[in-house]
Amino acid sequence: MSAPPLTQLEVPPEEALAIRAKVRRADPLTLGANYRLARSEHAAGLTELLVDPRVSDPIYDLPRPTTLRNISDWIAAAQRKHADGEGLLVVMLDAAGGVCGYSCFTVWPEHSAAEIAGGYRADRQSQGEGKLGAARSFDWIFDAFGVRLIVVTAALDNLRSARVIETAGFQYMGTRLCTRADGTSRESRYWEMHRPGE
Ligand SMILES: CC(C)(COP(=O)(O)OP(=O)(O)OC[C@H]1O[C@@H](n2cnc3c(N)ncnc32)[C@H](O)[C@@H]1OP(=O)(O)O)[C@@H](O)C(=O)NCCC(=O)NCCS
Numbered sequence: 001m002s003a004p005p006l007t008q009l010e011v012p013p014e015e016a017l018a019i020r021a022k023v024r025r026a027d028p029l030t031l032g033a034n035y036r037l038a039r040s041e042h043a044a045g046l047t048e049l050l051v052d053p054r055v056s057d058p059i060y061d062l063p064r065p066t067t068l069r070n071i072s073d074w075i076a077a078a079q080r081k082h083a084d085g086e087g088l089l090v091v092m093l094d095a096a097g098g099v100c101g102y103s104c105f106t107v108w109p110e111h112s113a114a115e116i117a118g119g120y121r122a123d124r125q126s127q128g129e130g131k132l133g134a135a136r137s138f139d140w141i142f143d144a145f146g147v148r149l150i151v152v153t154a155a156l157d158n159l160r161s162a163r164v165i166e167t168a169g170f171q172y173m174g175t176r177l178c179t180r181a182d183g184t185s186r187e188s189r190y191w192e193m194h195r196p197g198e
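The sequence shown: position 195 = 195 (my numbering), numbered continuously.
The following block contains the structure:
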């Protein structure tokens, strides 16, 4: 499960309420033309994407094991979180309409903070797409949710993620223990980025 940020901002109740309202209204199409809110019709494609360990192994906050049932439940839970203004699960579609990536946004309105996790299908990795997509997503999070802080984690050996995160200007804050859905834990590297001008 995602842990709240290390940095605890002072957040007035009206700011938290405004963030919840913005998250409910957030439209993935403003992030990319092939981005969609995950719905039950994407469950099979998302399962196929995540059953590949090259995609899911480095990510701690996914349902496990990767079964159609678990992924369908995850989508339904994400829809409830979206309705509460606390997150968004987004799929990316390829030209044939298949799921070729996903982003999971967790929002803590009371901390004015959000976290992003995600991945691309193996055939699309290491071609520069992650770096570009991540940079766009970080800007989008500040703009679309109105939060003041973004946090990210990566497995200790996830060099590509670390590169993407540090290129975007995140500040490294050390390691932290992350808990997976099955209760096991993983040591992760942890970064934060404040909204420009904060
Ligand atoms: C992590 C991920 C999103 C990165 O996206 P990507 O499109 O594969 O990465 P990019 O091609 O944009 O490369 C990012 C950086 O890593 C470098 N890189 C690419 N392949 C690499 C490799 N095999 N080993 C080390 N560095 C590598 C690139 O050179 C680039 O660095 P640069 O800015 O100095 O040029 C993607 O690999 C992925 O989905 N991985 C599986 C899931 C995952 O790890 N998710 C992140 C969890 S935090």
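Ideal placement from N, C-alpha and C gives every residue a C-beta, glycine not left out.
Predicted model, so just to flag it, every value in this text is computed and none were measured.
Residue i CB to nearest heavy atom of ligand 1 below 6 Å
i	result
residue 207	Residue 207 is absent from the model: the chain starts at 1 and stops at 198.
residue 32	no
residue 63	no
residue 167	yes
residue 51	no
residue 98	no
residue 199	Outside the shown range of the chain (1 to 198) lies residue 199, about which nothing can therefore be said.
residue 45	no
residue 156	no
residue 59	yes
residue 186	no
residue 120	yes
residue 2	no
residue 22	no
residue 91	no
residue 174	no
Start and end residues, alpha helix (DSSP H) containing residue i
i	result
residue 156	Taken as a continuous stretch (DSSP letters only), residue 156 belongs to no alpha helix (DSSP H), as it is neither H nor E.
residue 90	Element bounds for residue 90: not the alpha helix (DSSP H) but the beta strand (DSSP E), 87–93.
From the options, residue whose alpha carbon lies closest to that of residue i
i	options	result
residue 4	19, 149, 32 and 92	149
residue 187	39, 154, 196 and 163	154
residue 88	133, 24 and 122	24
residue 145	76, 171 and 116	116
residue 185	160, 156 and 161	156
residue 99	56, 38 and 14	38
residue 54	2, 121, 32 and 83	121
residue 92	17, 50, 85 and 110	50
residue 14	109, 80, 34 and 52	109
residue 32	137, 114 and 196	137
residue 197	151, 2, 147 and 124	147
residue 190	183, 182 and 174	174
Limits of the unbroken beta strand (DSSP E) element including residue i
i	result
residue 179	171–179
residue 188	185–194
(message) Three or more C-beta pairs under 8 Å: does that hold for the region 15–29 against the region 100–110?
(response) At 8 Å Cβ cutoff, the stretches touch.
(request) Say whether the region 56–66 touches the region 166–186, bearing in mind that this needs 3 or more beta-carbon pairs closer than 8 Å, one atom from each stretch. (result) yes
(message) If contact is defined by three or more beta carbon pairs under 8 Å, each pair taking one atom from either stretch, is the region 63–78 in contact with the region 121–140?
(response) no
(message) What ranges does the beta strand (DSSP E) occupy inside the region 99–152, keeping only unbroken runs of at least 3 residues that lie completely in it?
(response) 99–108 and 113–120
(message) For the pair the region 41–54 and the region 154–170, tell me if three or more CB-CB distances fall below 8 Å.
(response) In short, these stretches do not touch, since the Cβ pair count stays below three.
(request) List in chain order: all unbroken alpha helix (DSSP H) runs of 4+ residues lying wholly within the region 22–70. (result) 43–50 and 53–56
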